[in-house]
Amino acid sequence: MNQGKLDVVKGEMSRVNIDILGISELKWTGMGHFISDDYHIFYCGQENHRRNGVAIIVNKRLSNSVLGYNPKNDRIISIRLLGKPINVTVIQVYAPTTGADDEEIEDFYVSLQQLVDATPKKDTIAIMGDWNAKVGSKPITGITGNFGLGDRNEAGDRLLDFCQNNSLFITNTCFQQPKRRLYTWTSPNGQYKKQIDYILSSQRWRSSIQLTKTRPGADCGSDHELLIAKFQMK
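Letter 90 of the sequence shown, counting from 1, is numbered 90 in UniProt numbering, and no numbers are missing.
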(Lines of atoms letter the chains of each structure in order from A; the text may use other names.)
(Lines give C-alpha, C1' and ligand atoms only; values in the text may rest on other atoms or scores of the structure.)
Protein backbone atom coordinates (compact mmCIF):
# COMPACT_ATOMS: atom_id res chain seq x y z
CA MET A 1 0.00 0.00 0.00
CA ASN A 2 1.46 3.34 -1.05
CA GLN A 3 0.71 6.78 0.37
CA GLY A 4 -1.98 7.41 -2.23
CA LYS A 5 -3.90 4.27 -1.27
CA LEU A 6 -3.46 5.07 2.43
CA ASP A 7 -5.04 8.48 1.83
CA VAL A 8 -7.96 6.80 0.05
CA VAL A 9 -8.46 4.39 2.96
CA LYS A 10 -8.41 7.24 5.48
CA GLY A 11 -10.96 9.07 3.37
CA GLU A 12 -13.27 6.04 3.41
CA MET A 13 -12.87 5.72 7.17
CA SER A 14 -13.96 9.32 7.56
CA ARG A 15 -16.83 9.01 5.09
CA VAL A 16 -18.21 5.80 6.59
CA ASN A 17 -17.39 6.81 10.19
CA ILE A 18 -15.10 3.88 11.03
CA ASP A 19 -13.16 4.08 14.30
CA ILE A 20 -10.87 1.06 13.85
CA LEU A 21 -9.81 -0.48 10.53
CA GLY A 22 -7.67 -3.55 9.89
CA ILE A 23 -5.61 -4.11 6.75
CA SER A 24 -4.26 -7.43 5.43
CA GLU A 25 -1.48 -7.93 2.88
CA LEU A 26 -0.10 -4.46 3.55
CA LYS A 27 3.29 -5.17 1.94
CA TRP A 28 5.20 -2.67 4.09
CA THR A 29 8.59 -3.54 5.56
CA GLY A 30 9.46 -3.25 9.23
CA MET A 31 7.15 -2.47 12.10
CA GLY A 32 6.08 0.60 14.01
CA HIS A 33 3.51 3.28 14.70
CA PHE A 34 2.97 6.71 13.19
CA ILE A 35 0.33 9.42 12.95
CA SER A 36 -1.17 10.46 9.63
CA ASP A 37 -3.71 13.29 9.74
CA ASP A 38 -6.50 12.16 12.08
CA TYR A 39 -5.33 8.54 12.35
CA HIS A 40 -2.85 6.46 14.32
CA ILE A 41 -1.41 3.61 12.27
CA PHE A 42 0.13 0.50 13.82
CA TYR A 43 1.79 -1.92 11.40
CA CYS A 44 4.02 -4.96 11.07
CA GLY A 45 5.65 -6.43 7.98
CA GLN A 46 8.66 -8.49 7.04
CA GLU A 47 12.04 -6.95 7.67
CA ASN A 48 13.36 -6.97 4.12
CA HIS A 49 10.58 -8.17 1.80
CA ARG A 50 7.36 -6.49 0.73
CA ARG A 51 5.01 -9.41 1.26
CA ASN A 52 2.25 -10.17 3.74
CA GLY A 53 2.01 -7.39 6.34
CA VAL A 54 -0.83 -6.23 8.59
CA ALA A 55 -1.96 -2.94 10.09
CA ILE A 56 -4.57 -1.44 12.38
CA ILE A 57 -5.67 2.16 11.86
CA VAL A 58 -7.31 3.98 14.77
CA ASN A 59 -9.18 7.27 14.65
CA LYS A 60 -7.45 9.88 16.81
CA ARG A 61 -10.56 10.28 18.96
CA LEU A 62 -9.75 6.82 20.33
CA SER A 63 -6.00 7.36 20.61
CA ASN A 64 -6.08 8.06 24.34
CA SER A 65 -7.80 4.69 24.81
CA VAL A 66 -4.95 2.71 23.23
CA LEU A 67 -3.13 0.92 26.04
CA GLY A 68 -0.53 -0.62 23.75
CA TYR A 69 0.08 -2.66 20.62
CA ASN A 70 1.80 -5.93 19.78
CA PRO A 71 3.31 -6.42 16.30
CA LYS A 72 3.44 -10.21 16.59
CA ASN A 73 4.68 -10.91 13.07
CA ASP A 74 3.97 -10.10 9.43
CA ARG A 75 0.59 -11.87 9.65
CA ILE A 76 -0.67 -10.83 13.09
CA ILE A 77 -0.87 -7.53 14.99
CA SER A 78 -2.98 -6.44 17.95
CA ILE A 79 -3.92 -3.35 19.93
CA ARG A 80 -5.47 -3.14 23.38
CA LEU A 81 -8.05 -0.47 24.15
CA LEU A 82 -9.37 0.89 27.41
CA GLY A 83 -13.07 0.11 27.53
CA LYS A 84 -16.07 0.20 29.82
CA PRO A 85 -16.87 -2.05 31.57
CA ILE A 86 -13.88 -4.08 30.28
CA ASN A 87 -10.93 -3.57 27.98
CA VAL A 88 -10.91 -4.69 24.36
CA THR A 89 -8.16 -6.45 22.42
CA VAL A 90 -8.40 -6.11 18.64
CA ILE A 91 -6.34 -8.47 16.49
CA GLN A 92 -5.79 -8.12 12.75
CA VAL A 93 -4.70 -11.18 10.76
CA TYR A 94 -3.69 -12.23 7.28
CA ALA A 95 -3.93 -16.01 7.12
CA PRO A 96 -1.93 -18.10 4.63
CA THR A 97 -3.70 -19.00 1.41
CA THR A 98 -5.10 -22.47 0.84
CA GLY A 99 -2.07 -23.24 -1.32
CA ALA A 100 0.40 -22.63 1.52
CA ASP A 101 2.28 -25.57 3.00
CA ASP A 102 1.05 -27.15 6.22
CA GLU A 103 3.95 -25.78 8.26
CA GLU A 104 3.15 -22.17 7.34
CA ILE A 105 -0.51 -22.64 8.27
CA GLU A 106 0.44 -24.33 11.55
CA ASP A 107 2.88 -21.52 12.40
CA PHE A 108 0.14 -18.95 11.81
CA TYR A 109 -2.34 -20.61 14.15
CA VAL A 110 0.31 -21.30 16.81
CA SER A 111 1.31 -17.62 16.79
CA LEU A 112 -2.31 -16.50 16.90
CA GLN A 113 -3.07 -18.86 19.79
CA GLN A 114 -0.06 -17.54 21.69
CA LEU A 115 -1.39 -14.01 21.33
CA VAL A 116 -4.89 -14.99 22.43
CA ASP A 117 -3.47 -16.89 25.42
CA ALA A 118 -1.47 -13.81 26.43
CA THR A 119 -4.56 -11.58 26.33
CA PRO A 120 -5.99 -10.76 29.78
CA LYS A 121 -8.85 -13.16 30.46
CA LYS A 122 -11.33 -10.38 31.22
CA ASP A 123 -10.79 -8.63 27.88
CA THR A 124 -13.30 -9.02 25.11
CA ILE A 125 -11.56 -10.06 21.90
CA ALA A 126 -12.25 -9.13 18.29
CA ILE A 127 -10.18 -10.82 15.57
CA MET A 128 -10.60 -9.60 12.02
CA GLY A 129 -8.97 -10.02 8.67
CA ASP A 130 -8.48 -12.13 5.57
CA TRP A 131 -8.68 -15.74 6.76
CA ASN A 132 -8.50 -17.28 3.26
CA ALA A 133 -11.09 -19.77 4.51
CA LYS A 134 -14.67 -20.74 3.72
CA VAL A 135 -16.75 -21.78 6.72
CA GLY A 136 -19.75 -22.64 4.55
CA SER A 137 -23.47 -22.15 4.88
CA LYS A 138 -24.21 -24.83 7.49
CA PRO A 139 -24.63 -23.17 10.90
CA ILE A 140 -22.67 -24.40 13.91
CA THR A 141 -24.20 -23.65 17.29
CA GLY A 142 -22.34 -20.90 19.09
CA ILE A 143 -19.85 -20.31 16.28
CA THR A 144 -21.61 -19.52 13.00
CA GLY A 145 -25.07 -18.31 12.14
CA ASN A 146 -27.38 -19.04 9.23
CA PHE A 147 -25.71 -16.71 6.75
CA GLY A 148 -22.38 -18.23 5.84
CA LEU A 149 -21.82 -18.81 2.14
CA GLY A 150 -20.60 -21.64 -0.05
CA ASP A 151 -19.09 -24.96 0.93
CA ARG A 152 -16.71 -25.31 3.85
CA ASN A 153 -13.10 -26.09 2.93
CA GLU A 154 -10.15 -27.43 4.93
CA ALA A 155 -9.08 -23.92 5.90
CA GLY A 156 -12.63 -23.33 7.13
CA ASP A 157 -12.41 -26.43 9.33
CA ARG A 158 -9.22 -25.09 10.89
CA LEU A 159 -10.79 -21.69 11.53
CA LEU A 160 -13.85 -23.28 13.12
CA ASP A 161 -11.64 -25.40 15.39
CA PHE A 162 -9.85 -22.23 16.47
CA CYS A 163 -13.18 -20.56 17.23
CA GLN A 164 -14.39 -23.60 19.17
CA ASN A 165 -11.23 -23.72 21.28
CA ASN A 166 -11.40 -20.02 22.13
CA SER A 167 -15.16 -19.45 22.56
CA LEU A 168 -15.39 -17.16 19.54
CA PHE A 169 -18.17 -16.68 17.01
CA ILE A 170 -18.03 -15.42 13.43
CA THR A 171 -20.10 -12.25 13.41
CA ASN A 172 -20.69 -11.83 9.69
CA THR A 173 -22.45 -15.19 9.43
CA CYS A 174 -25.06 -14.11 11.98
CA PHE A 175 -26.90 -11.26 10.25
CA GLN A 176 -29.31 -11.68 7.35
CA GLN A 177 -28.17 -9.53 4.44
CA PRO A 178 -28.43 -9.56 0.65
CA LYS A 179 -25.68 -11.79 -0.73
CA ARG A 180 -23.78 -8.78 -2.04
CA ARG A 181 -23.31 -7.74 1.60
CA LEU A 182 -22.13 -11.22 2.62
CA TYR A 183 -19.49 -11.85 -0.05
CA THR A 184 -16.14 -10.36 0.93
CA TRP A 185 -13.95 -11.09 -2.11
CA THR A 186 -14.47 -10.91 -5.87
CA SER A 187 -12.07 -12.36 -8.43
CA PRO A 188 -10.44 -9.85 -10.81
CA ASN A 189 -12.67 -10.95 -13.69
CA GLY A 190 -15.78 -10.69 -11.51
CA GLN A 191 -16.66 -14.35 -12.09
CA TYR A 192 -16.13 -15.65 -8.55
CA LYS A 193 -17.38 -14.25 -5.25
CA LYS A 194 -16.47 -15.71 -1.87
CA GLN A 195 -16.87 -15.12 1.84
CA ILE A 196 -13.30 -15.46 3.16
CA ASP A 197 -12.92 -12.42 5.43
CA TYR A 198 -14.42 -12.62 8.90
CA ILE A 199 -14.75 -10.67 12.12
CA LEU A 200 -14.65 -12.92 15.18
CA SER A 201 -15.76 -11.92 18.67
CA SER A 202 -15.98 -13.42 22.14
CA GLN A 203 -19.16 -15.45 22.53
CA ARG A 204 -19.93 -13.88 25.89
CA TRP A 205 -20.19 -10.46 24.21
CA ARG A 206 -22.39 -11.61 21.35
CA SER A 207 -25.17 -9.19 22.29
CA SER A 208 -22.72 -6.29 21.84
CA ILE A 209 -22.49 -6.90 18.08
CA GLN A 210 -25.29 -4.90 16.51
CA LEU A 211 -24.50 -5.57 12.86
CA THR A 212 -21.82 -6.95 10.53
CA LYS A 213 -21.93 -6.55 6.76
CA THR A 214 -19.81 -5.59 3.77
CA ARG A 215 -20.01 -2.22 2.12
CA PRO A 216 -19.81 -2.93 -1.63
CA GLY A 217 -18.21 -0.18 -3.64
CA ALA A 218 -16.13 1.31 -0.84
CA ASP A 219 -12.97 2.73 -2.41
CA CYS A 220 -10.16 0.84 -0.68
CA GLY A 221 -8.05 -0.18 -3.66
CA SER A 222 -8.62 -3.88 -3.02
CA ASP A 223 -10.42 -6.90 -4.47
CA HIS A 224 -11.83 -7.43 -0.97
CA GLU A 225 -14.94 -5.62 0.19
CA LEU A 226 -14.92 -3.39 3.24
CA LEU A 227 -16.32 -5.52 6.08
CA ILE A 228 -17.85 -3.51 8.92
CA ALA A 229 -18.99 -4.58 12.38
CA LYS A 230 -20.81 -2.28 14.77
CA PHE A 231 -19.99 -2.91 18.43
CA GLN A 232 -21.92 -1.37 21.30
CA MET A 233 -19.88 -1.60 24.50
CA LYS A 234 -21.98 -0.60 27.50
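Just so you know, even glycine gets a beta-carbon here, dropped at the ideal spot from N, CA and C. Keep in mind it's a predicted model, so treat the numbers as computed, not measured.
Annotated three-state conformation of GLY45 is coil, per DSSP.
Going by beta carbons, TYR198 and GLY142 fall outside the 9 Å limit. Nearest C-alpha to ILE79 among ASN59, LYS27, ARG152, GLU47: ASN59. The continuous alpha helix (DSSP H) containing GLN114 extends over residues 102–118. Contact fails between the segment 101–108 and the segment 174–183, because fewer than three Cβ pairs, one in each stretch, are under 8 Å apart. By the CB criterion at 9 Å, TRP185 and THR124 fall outside the cutoff.
The DSSP assignment places no complete alpha helix (DSSP H) segment of no fewer than 4 residues inside the segment 5–31. Within 10 angstroms of the beta-carbon of GLN113 lie fewer than 16 other beta-carbons, which makes it exposed. The Cβ atoms of ILE77 and PHE42 sit closer than 9 Å to each other.
The segment 83–91 makes no contact with the segment 163–172; the number of CB pairs closer than 8 Å stays below 3. The beta carbon of HIS224 lies closer than 7 Å to those of ASP130, THR184, TRP185, ASP197 in the same chain, with the five residues before and after it left out. Pairing ILE20 with SER65, the inter-Cα distance amounts to about 12 Å.
Residue pairing from DSSP places TRP185 in a beta bridge opposite LYS194, HIS224. One alpha carbon belongs to LYS10, the other to ALA229, and they sit about 17 Å apart. Within the model, the alpha-carbon separation for GLY30 versus ARG75 is close to 12 Å. ASN48 sits away from LEU26, with the two beta carbons spaced by 9 Å or more.
Secondary structure note for ARG215: its beta strand (DSSP E) is the uninterrupted segment 209–215. Only residues of its own chain outside the window of five on either side were considered, and among them SER208, GLN210 have a CB closer than 6 Å to the CB of GLN232, listed in chain order. Taking a C-beta distance under 9 Å as the contact criterion, SER111 and ASN73 qualify as a contact pair.
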